[in-house]
DNA sequence: ACCCTTCATTTGCATATACAAATATAAATT
DNA sequence: AATTTATATTTGTATATGCAAATGAAGGGT
C-alpha cells in the first residue's frame, strides 16, 4: 500500500467523516420521514425516553451544540411534534401525540436500517463497529 | 442496558455521526491551517499524490459530491493553492508551490493528530477502527 | 455538417451544524 | 434588597455538504 492510501485508510478523521456521509445517505433513504433528517428522529427518540428533559441534557446525550438543539426544537415545535415548557432558565421538552406517532414510525424504519446495513456489512461487524464508535466518542468527550 | 441506550449504542448512523463530529473538532483544533477546514487538506493531499487529477476522480477518491468539489476547488484556487486546467469536458487539478507548502505543513499536523487520538483511544484500537470504517465505506459505496 | 445522447462541471437552493455574542433567569454575595 | 456571578437558551453569522437543474463539451448516427 502506498503512502497516499496509508494516509486515507489510517486517518480516523477522514475515514470517520467519509463513513458518516455514506451511512447518513443510507439513513435518509431508509427513513423517508416527513422531510425530517435522521438527526431529528434521534432527538425525538431521546425525548420520548426522557419526557420533560432539558435542552442541556439533550445536547449532552446527543453530542450536539446548544444552538443546534435550539434550531432542531424550533423546527419540531413548529411541526407540533414536541412542546417547549420554559421553567426558569431551563426549558423542558416533551413529545406531543403526533410526535409519539412519528417516533413509532421511526422505530420501525430503524429496524429496516439495521437490516440494510447488517446485510451489507455483516451483522457482527456492524455491531462491533457501532460499539467502538460509541466508546471512542465517550473517550474523546471525556477529554473535552 | 435499557432500550434507549441500546438504540443509541447500536445504531451505526447515530454512533458514526456523533463520532465524526467529535473527531472533526479534534482535527480542527490540531490543524489550525489558514482557516482551511480539514476536508480541504485531504483534497490537497489527494491532488498532491495525483497531479492533474480530474474532478470526477477526486470526488470518487474522497467520496464527496461533485458540487462539493467545485466549491472546495473554488476556494483553494482563490487562495492560489491549486490550479484548474480545463481540458474538454473534464477539468484537471494540480497543486501550486504554495499548495505544496500547505501540504507539507498539513502532513506534519497529521502526525500530531494521529498522536493525539492514539493517546486517547489506544494505538491499536484507532488503527482497527479506522480500517473498519474504511472497509465499511467501500462496501456501502459498492452498493450505490 | 447536424442532431441526439452522454457525461463532467457548475449553479441555485436548502440544511445541518458550529462558534461567539447576546439575552434571560436563577443563585450567591454583599 | 441590590448587585454580581453563573448558567441555559437564543440569535447572528458562517460553512460544509448535498440534490436537482442548468450548462458545456464530446462523440455517434444519420
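Chains as they are written, first to last, in UniProt numbering: chain A, 1 to 144; chain B, 1 to 144. Where a beta carbon is used, it is the ideal one built from N, C-alpha and C, also for glycine.
Quick check on the burial criterion: 16 or more other C-beta atoms within 10 angstroms. Buried or exposed for residue i?
i	result
residue 22 of chain B	buried
residue 130 of chain B	buried
residue 88 of chain A	exposed
residue 48 of chain A	buried
residue 112 of chain A	exposed
residue 38 of chain A	buried
residue 16 of chain B	buried
residue 27 of chain A	buried
Less than 8 Å between the C-beta atoms of residue i and residue j, yes or no?
i	j	result
residue 3 of chain B	residue 63 of chain B	no
residue 14 of chain A	residue 136 of chain B	no
residue 30 of chain A	residue 118 of chain A	no
residue 57 of chain B	residue 80 of chain B	no
residue 83 of chain A	residue 91 of chain A	no
residue 76 of chain B	residue 40 of chain B	yes
residue 120 of chain B	residue 143 of chain A	yes
residue 134 of chain A	residue 24 of chain B	no
residue 52 of chain B	residue 94 of chain B	yes
residue 132 of chain A	residue 7 of chain B	no
residue 55 of chain B	residue 67 of chain B	no
Check the Cβ of residue i against every Cβ in chain A and list those closer than 7 Å, keeping chain order.
i	result
residue 53 of chain B	In chain order: nothing, as chain A lies at least about 11 Å away.
residue 49 of chain B	4
residue 12 of chain B	23, 117, 126, 129 and 130
residue 136 of chain B	19, 121 and 129
Can you list the residues of chain B that residue i reaches, using a CB-CB cut of under 9 Å?
i	result
residue 16 of chain A	16, 19, 20, 22, 23, 24, 129, 130 and 133
residue 7 of chain A	42, 45, 49, 107 and 110
residue 113 of chain A	11, 12 and 13
Against chain B, with Cβ distances strictly below 8 Å, would residue i count as a contact?
i	result
residue 141 of chain A	yes
residue 71 of chain A	no
residue 60 of chain A	no
residue 121 of chain A	yes
residue 36 of chain A	no
residue 27 of chain A	yes
At a Cβ threshold of 8 Å, is residue i touching chain A?
i	result
residue 85 of chain B	no
residue 1 of chain B	no
residue 109 of chain B	no
Mind pulling the chain B residues with CB within less than 7 Å of residue i?
i	result
residue 67 of chain A	Simply none; closest approach about 14 Å.
Jot down the residue ranges of each uninterrupted alpha helix (DSSP H) in the UniProt domain "HTH marR-type" (5–142) of chain A, minimum 4 residues, whole runs only, in chain order. 12–31, 38–49, 55–62, 66–78, 97–121 and 123–142
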